[in-house]
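A.B. asks: The structure under discussion is supplied below as structure tokens; questions concerning it will follow.
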Amino acid sequence: MNLQPALHSKFTAFKNVPSTRATRRVTAMSGHGRFFVGGNWKCNGTADSVAELVKDLNAGSIPSHVDVVVAPTFIHLDYVKHNLSVPYKVSAQDCWTGKGGAFTGEISAEMLKDIGIDWVILGHSERRALCAESNEIVGIKVEYALNQGLNVIACIGETLQERESGEMFNILNAQLSAIAAVVTDWTKVVVAYEPVWAIGTGVVATPAQAQEVHAYVRKWIVDNVGADVAAKLRILYGGSVNDANCEELATELDVDGFLVGGASLKGSSFVKICNANKAPAKA
């Protein structure tokens, strides 16, 4: 099944036409952006370990100015949704490109909405690498998920080879273009920058490296979407974030939160990361 043509015309048009209010309807965020922390549990968890993690998270204290979303496996979504307390929200780790049907093993956006899930992670580097998801497929998923009322954590990031070869910004441009081509309401999207070379490796981008890319992403949004959207867009850092490095990373001007992997599987560590940002909002 060829999934690319459906987005091809949008993607081509986006590259060739300046982005203005006359050509694209874009809704900007209102008010101050809130610090955002996402926990991606990936393919981890048993019934017992998930119950224990939920218990630990519920015992933690989350600042009122921080949005926190956790993403368990599909089979644990319902349990976590019904047992995790406010202010936590629940996300899926992926969804299908369209409506449900004869797509063995897939989960549709409608199914997620039906059980009360409000968020979904799309374009994660592991999906791109292990499932060969192209930028075009990610764009199709983002568009469909948004149209079904889900909020999206849209992931971008480069490999070490792409960074060292000088291709990093070209890679980011292509990933951002595929996402921006289909987004009309940016209040429902956060962007997560995940350098692939730092995911699950223990290697963390320095605060300066993270800030450089986050600033680049924000400038890209200014140039291609609009300054009003860029000023409020939350850009997360993901890549071996833990309770030892989170506070330093959180001080960077354009780091608006984190997408956390392994450290989100330990309640006390994740709660500490959620408390990394000390200010209610960045100026």
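Anchor point for the sequence shown: position 138 equals 141 in this note's numbering, and the numbering is continuous, going up by one each time. Each residue gets a CB set at the ideal place from its N, CA and C atoms; glycine is no exception.
1. Going by the DSSP bridge assignment, what does residue 260 pair with across the sheet?
2. To which residues of the same chain is residue 275 closer than 8 Å at the C-beta, ignoring the five residues directly before and after it?
3. In terms of residue numbering, what span does the alpha helix (DSSP H) encompassing residue 78 cover?
4. Could you check where the alpha helix (DSSP H) with residue 122 kicks off and where it finishes?
5. Cα separation between residue 65 and residue 38?
6. Quick one: any contact between the region 126-140 and the region 76-95, if contact means 3 or more CB pairs under 8 Å?
7. Can you tell me where the alpha helix (DSSP H) with residue 64 in it begins and where it stops?
8. Flag this pair as yes or no: are the beta carbons of residue 287 and residue 213 separated by less than 7 Å?
9. Tell me which same chain residues have a C-beta within less than 7 Å of the C-beta of residue 162, skipping the five on either side of it?
10. Using 10 angstroms around the beta-carbon of residue 119, count the other beta-carbons present and answer buried if the total reaches 16, otherwise exposed.
11. Go through its chain and collect everything with a Cβ distance to residue 77's Cβ below 8 Å, but skip five positions before and after it.
12. Considering only their Cβ atoms, is the gap separating residue 113 from residue 164 smaller than 7 Å?
13. Count the other C-beta atoms from every protein chain shown that fall within 10 angstroms of the C-beta of residue 123, then say buried if there are 16 or more, exposed otherwise.
14. Going residue by residue through the region 198-281, where are the continuous alpha helix (DSSP H) segments of at least 4 residues, counting only ones entirely within it?
15. In whole angstroms, what separates the C-alpha of residue 264 from that of residue 230?
16. Taking residue 191 as the reference, which of 103, 217, 206, 149 has the closest Cα?
17. Are the beta-carbon atoms belonging to residue 217 and residue 257 less than 7 Å from one another?
18. Quickly, what does DSSP pair residue 158 with across the bridge? List them, please.
19. Beta-carbon within less than 8 Å of residue 105's beta-carbon, same chain only, minus the 5 sequence neighbours each way: which residues are those?
20. With DSSP run on the structure shown, which of helix, strand or coil describes residue 45?
21. Is it buried or exposed for residue 168, if we count other Cβ within 10 angstroms and need 16 for buried?
22. Starting from residue 92, follow the beta strand (DSSP E) in both directions and report where the run begins and ends.
23. To which residues of the same chain is residue 59 closer than 7 Å at the C-beta, ignoring the five residues directly before and after it?
24. Can you grab the Cα-Cα spacing for the pair residue 73 / residue 44, in whole Å?
25. Between the Cα of residue 86 and the Cα atoms of 53, 103, 121, which residue gives the shortest distance?
C.D. replies: So, from the listed chains and residues:
1. 39
2. 246, 249
3. No alpha helix (DSSP H) holds residue 78; DSSP gives it neither H nor E.
4. Residue 122 -> not in any alpha helix (DSSP H); beta strand (DSSP E) instead, spanning 122-125.
5. Taking the Cα positions, residue 65 is about 11 Å away from residue 38.
6. Output reads no: the region 76-95 does not touch the region 126-140.
7. Element bounds for residue 64: n/a, residue is neither H nor E.
8. Nothing about residue 287 can be reported from this structure: the residues present for the chain run from 4 to 286 only.
9. 199, 200
10. exposed
11. 95, 96, 110
12. In this structure, residue 164 sits away from residue 113, with a CB-CB distance that is not shorter than 7 Å.
13. buried
14. 210-227, 230-235, 249-253, 270-277
15. 31 Å
16. Closest in C-alpha terms to residue 191, from the list 103, 217, 206, 149, comes 149.
17. yes
18. Answer is 195, bridged to residue 158.
19. none
20. In the three-state reduction of the DSSP assignment, residue 45 falls in the coil class.
21. Using a 10 angstroms sphere on the CB of residue 168, the tally of other CB atoms stays under 16, which defines it as exposed.
22. 91-95
23. 270, 271
24. Approximately 7 Å, taken between the alpha carbons.
25. 53
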